[in-house]
Each structure stands twice: as structure tokens, then as C-alpha cells.
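In the working numbering, the protein residues as written are 347 to 444.
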């Protein structure tokens, strides 16, 4: 997990705990948080693609150790979990803000 993801998730959950934003300032905060969240999701997607490529290269390599493949597979699964959780939170926040 990246260092900023827990902070972003906390910010999203905090916004979800409040009534939908009606003031301009509150809406701007929601929009800013959504933008940050989508940017973070895109960065995670890029990282996921790099890890997936590394896994593919390891599997094709005759010298790859089973432990390496398992470690990279685990990393890929963790990224997938983070992405799914973040996308669900962003979707919920977007619906909450409308």
C-alpha cells in the first residue's frame, strides 16, 4: 500500500460521514478529493501494469525461483485489492455528492 492511500481513504470516509455537500466550498472539497482519488487510482493502475509485466517476465524466465513468482503474485493481488477498495470508495463518494 502506498503511504498516501490510508490518508486519502480517511478523507473520503470523513466526507461520506457528513451530509451531501451543498455549499460551494464543501463541493469543491469533494471535487478535489475525487480528483486526488482518481489520480491515485491511475497511478496504482500504472504500478499494477509494471508488476504484471514483471510477473510475466519471471514466469517466462527459466531462472525464476518459485518464491519470486509467489512474491510478485502476492504484490499484484494486494494492488488489485487496493484498487478495488479505492474505486468503490470513489464511486460511493461521487454518488453521495450528486
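Virtual Cβ for every residue (Gly too), placed ideally from N, Cα, C. Predicted model, so just to flag it, every value in this text is computed and none were measured.
For the alpha helix (DSSP H) containing residue i, name the first residue and the last one.
i           : result
residue 350 : 350–363
residue 437 : 412–443
residue 394 : 370–406
So, is residue i buried or exposed, given that buried needs 16 or more other C-beta atoms within 10 angstroms?
i           : result
residue 374 : exposed
residue 377 : exposed
Can you round the beta-carbon distance between residue i and residue j to whole angstroms, since I take them to be within the 8 angstroms contact cut?
i           : j           : result
residue 400 : residue 418 : 6 angstroms
residue 443 : residue 367 : 6 angstroms
residue 357 : residue 379 : 6 angstroms
residue 354 : residue 383 : 6 angstroms
residue 351 : residue 432 : 7 angstroms
In whole angstroms, what is the alpha-carbon distance linking residue i and residue j?
i           : j           : result
residue 388 : residue 411 : 30 angstroms
residue 414 : residue 407 : 11 angstroms
residue 390 : residue 429 : 7 angstroms
residue 362 : residue 394 : 27 angstroms
residue 425 : residue 371 : 33 angstroms
residue 404 : residue 420 : 14 angstroms
residue 360 : residue 409 : 48 angstroms
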